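Chemist: Chains as they are written, first to last, in the numbering used here: chain A, 466 to 670; chain B, 466 to 670.
Just so it is clear, CB atoms sit at the ideal spot from N, CA and C, and this is done for glycine as well.
Because the structure is a prediction, the values reported are computed rather than measured.
1) So residue 663 of chain A is in the alpha helix (DSSP H); what residue range does that whole segment cover?
2) Along chain B, which residues have their Cβ under 9 Å away from the Cβ of residue 524 of chain A?
3) Suppose the cutoff is 6 Å on Cβ atoms and the five residues either side in sequence are ignored; what does the same chain contact list for residue 550 of chain B look like?
4) Going by DSSP, what residues sit across from residue 506 of chain B in a beta bridge?
5) Taking the beta strand (DSSP E) that residue 650 of chain A falls in, what are its first and last residues?
6) If residue 504 of chain A sits next to residue 480 of chain A, beta carbons under 8 Å apart, how far is it from one beta carbon to the other, in whole angstroms?
7) With 16 as the cutoff for other CB atoms within 10 Å, does residue 633 of chain A come out buried or exposed?
8) State the start and end residues of the unbroken alpha helix (DSSP H) segment that holds residue 646 of chain B.
9) Compare the C-beta of residue 646 of chain B against all C-beta atoms of chain A and say whether one is closer than 8 Å.
10) Is the stretch 612–619 of chain B touching the stretch 630–646 of chain B, taking contact as three or more C-beta pairs under 8 Å?
11) Across the stretch 571–580 of chain B and the stretch 514–527 of chain B, are there enough close Cβ pairs to call them in contact, namely three or more that are closer than 8 Å?
12) For residue 626 of chain B, is the classification buried or exposed, using 16 other Cβ atoms within 10 angstroms of its Cβ as the cut-off for buried?
13) The alpha helix (DSSP H) spanning residue 575 of chain A covers which residue range?
14) Any chance the stretch 589–608 of chain A sits against the stretch 489–499 of chain B, with 3 or more Cβ pairs inside 8 Å?
15) Express the C-alpha separation of residue 664 of chain B and residue 507 of chain B in angstroms, rounding to a whole number.
16) Since I believe residue 571 of chain B is in contact with residue 624 of chain B (beta carbons under 8 Å), could you give me their beta-carbon distance rounded to a whole number of angstroms?
17) How far does the alpha helix (DSSP H) with residue 493 of chain B in it extend, from its first residue to its last?
18) If you measure beta-carbon to beta-carbon, which residues of the stretch 528–540 of chain B are closer than 8 Å to chain A?
19) Residues of the stretch 619–640 of chain B in Cβ contact with chain A at a cutoff of 7 Å, in chain order, please.
20) Could you check what DSSP says for residue 542 of chain A in three-state terms: helix, strand or coil?
21) So, does the CB of residue 657 of chain B fall closer than 8 Å to a CB anywhere in chain A?
22) Would you say residue 488 of chain B and residue 655 of chain B are within 8 Å of each other, going by their C-beta atoms?
23) With distances taken from CA atoms, which of A/668, A/539, A/584 is nearest residue 561 of chain A?
24) Quick test of your reading: residue 648 of chain A and residue 472 of chain A, contact by CB under 8 Å. State the CB separation rounded to the nearest angstrom.
25) How far does the alpha helix (DSSP H) with residue 520 of chain B in it extend, from its first residue to its last?
26) Can you tell me which of the three DSSP states residue 605 of chain A falls into?
27) If you run the structure through DSSP and keep just helix, strand and coil, what is residue 470 of chain A?
28) Leaving out five residues before and five after residue 513 of chain B in sequence, what residues of the same chain have Cβ atoms less than 6 Å from its Cβ?
29) Look at the Cβ atom of residue 552 of chain B, then the Cβ atom of residue 588 of chain B, and state whether they are nearer than 8 Å.
30) Does the distance from the CB of residue 565 of chain B to the CB of residue 483 of chain B come in under 8 Å?
31) Please identify the residue among A/500, A/621, A/516 whose C-alpha is closest to the C-alpha of residue 666 of chain A.
32) Does residue 542 of chain A have its Cβ less than 8 Å from a Cβ in chain B?
33) Would you tell me roughly how many angstroms separate the C-alpha atoms of residue 586 of chain B and residue 485 of chain B, rounded to the nearest one?
34) Please report the straight-line C-alpha distance between residue 629 of chain A and residue 509 of chain A, rounded to a whole angstrom.
35) By DSSP, does residue 514 of chain B sit in helix, in strand, or in coil?
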């Protein structure tokens with residue numbers, strides 16, 4: 466298939482998910498290897514969890530302990546900087562999500578830079594990325610105007626943009642983070658990114 | 466380390482789990498590759514799910530649809546016979562679990578043969594492996610005496626054996642299927658067996 470026929474990898478994530486962070490550090494390399502664009506699509510995972518009846522990790526005895534262990538182990542495995550163990554999770558991710566889509570509609574690369582900075586701020590530097598002031602600072606670091614970002618976070622059109630993005634994700638069957646869809650195939654989990662890679666290399670099975 | 470110092474891979478599974486079935490088809494090869502014994506340890510996953518607050522897949526909208534798709538895809542990926550899509554899940558697994566431990570205390574290899582036959586009966590041939598008659602037939606196929614197996618399924622000592630095995634699994638933090646523990650490291654999921662393999666090859670990270 467020609468480059469124009471190659472569909473993108475849709476990369477869904479929540480800004481408070483450690484596994485989403487790991488996925489964000491790895492997905493672009495997979496896209497490049499197979500000449501696929503990667504569409505970064507943050508959403509509010511809590512909205513999907515209401516539908517699936519899932520509870521946050523911290524409320525799930527045994528699974529929580531396993532996940533904390535596995536998260537730190539996954540960071541070591543992939544050589545990803547990670548200094549928050551146990552992770553500050555869950556954390557409201559409305560503010561960074563709104564900032565992302567506001568930036569993305571102007572400059573997708575800037576939005577992606579902002580997303581990377583936001584994940585690093587939370588999981589490497591321990592910043593509280595649910596706070597507006599922190600989000601404005603991170604957007605500024607990515608090259609956006611601070612005052613405009615602050616105004617955008619309270620703008621109804623931006624709020625609607627995020628709500629719509631979350632609804633579309635849920636309609637597509639997305640419920641976790643990271644969650645990848647490529648050529649119609651859904652893959653849930655950072656640990657499935659290798660499978661995405663194999664799928665694209667082999668043409669599927 | 467010498468062979469005597471090498472700890473076994475503990476392989477926990479539930480007889481009604483399709484992913485547990487896939488794990489059962491693959492785990493012995495990983496053990497052989499690293500000169501590790503594999504201890505097959507069926508348990509009642511429902512007991513752990515009460516603690517973790519997890520609901521069965523079929524009750525979890527979105528996750529159910531994804532899982533059905535992923536289960537069929539995983540079978541194709543690993544070249545494992547699988548003819549029940551969507552899988553007959555969940556199914557009570559008390560009877561095959563009791564039969565397993567009763568057999569295991571006499572002949573671990575026969576118990577393992579019985580376990581393989583039971584998984585194939587459910588996921589390849591569509592038999593109802595929650596039924597005593599089916600379990601007795603499968604134990605007979607594995608070489609056990611049918612009447613003795615039938616009597617064992619109602620024996621209080623055998624019931625206690627399974628309850629104890631399930632309690633021990635939960636105490637070790639096991640809550641899913643398949644679930645592997647080796648050298649103190651827990652790995653949850655058929656999709657993590659490759660990671661077990663890497664862990665044993667590299668000595669961990």
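Modeler: Considering the structure as presented:
1) 658–667
2) 518
3) 537
4) Answer by DSSP bridge pairing, in chain order: B/477.
5) 650–653
6) Actually they are not in contact, since the Cβ atoms of residue 504 of chain A and residue 480 of chain A sit about 16 Å apart, beyond 8 Å.
7) exposed
8) Segment 644–647 is the beta strand (DSSP E) holding residue 646 of chain B; no alpha helix (DSSP H) there.
9) no
10) no
11) Segments in contact, no.
12) buried
13) 573–588 is the span of the alpha helix (DSSP H), which, as asked, contains residue 575 of chain A.
14) no
15) Taking the straight line from one Cα to the other gives about 23 Å.
16) Not confirmed; about 17 Å, so no contact.
17) 483–498
18) 528, 530, 531, 534, 535, 538
19) 638, 640
20) helix
21) yes
22) Yes, they are a contact pair.
23) The option with the nearest alpha carbon to residue 561 of chain A is A/584.
24) 6 Å
25) No alpha helix (DSSP H) holds residue 520 of chain B; DSSP gives it neither H nor E.
26) In the structure shown, residue 605 of chain A sits in a helix (DSSP, three-state: H, G or I).
27) helix
28) 635, 640
29) yes
30) In this structure, residue 483 of chain B does not lie closer than 8 Å to residue 565 of chain B by Cβ.
31) A/500
32) yes
33) 14 Å
34) 11 Å
35) Here residue 514 of chain B carries a helix assignment [DSSP, helix/strand/coil].
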